[in-house]
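Accompanying notes for the structure given below.
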Amino acid sequence: MKKIRLANELAEAVANWGWKYHHAGIPTTLKMPDEKYIPHFKFYISGFGNSPFGIEWMRFEPDCPFPELIQTVPHIAFEVQNMESELANRDLNVIVPPNYSAQGIRVAMIEHNGAPIELIEFEKNK
714 MKKIRLANEL
724 AEAVANWGWK
734 YHHAGIPTTL
744 KMPDEKYIPH
754 FKFYISGFGN
764 SPFGIEWMRF
774 EPDCPFPELI
784 QTVPHIAFEV
794 QNMESELANR
804 DLNVIVPPNY
814 SAQGIRVAMI
824 EHNGAPIELI
834 EFEKNK
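Per our numbering, the sequence shown starts with residue 714, numbered consecutively.
Pasting the structure below:
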């Protein structure tokens, strides 16, 4: 029987797997200040660099290749040390396979209980 987490306990991904909170991505249809365009994925990001909480706004072009879930439901992102190991050794529902969002930054998206979750790995971790 799986242990039920108590309110004062960290999530298993943080407490036992070593994942670190990185940001929360929130979809929007509004143009936000200081947007940065990610051309190969056809969407804009903003806010992350100025938010003490890691809030990142995401505005998508109509032909963005990401699944609707990512474009409509906020996600939480965790930094991981080894993307291949995490994806191979855990029962995760991958909805966007590992890819480079920018030089030295690799990401993948999983889905858990209807929520998108981003895994992010930085080259410095290799």
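Note that the Cβ used here is the ideal one computed from N, Cα and C, for glycine as well.
- DSSP assignment within the stretch 724-790 yields the following whole alpha helix (DSSP H) runs of 4 residues or more, N-terminal first: 725-728 and 781-785.
- Counting C-beta atoms within 10 angstroms of its own C-beta, E834 has 16 or more neighbours from the protein chains shown and is therefore classed as buried.
- Residue environment analysis places S798 among the exposed positions, since fewer than 16 neighbouring C-beta atoms fall within 10 angstroms of its C-beta.
- Annotation: the continuous beta strand (DSSP E) that includes L832 extends over A828 to F835.
- DSSP, reduced to helix, strand and coil, places N802 within a helical segment of the structure shown.
- Contact between H735 and G767 is confirmed by a C-beta separation of about 6 Å, below the 8 Å threshold.
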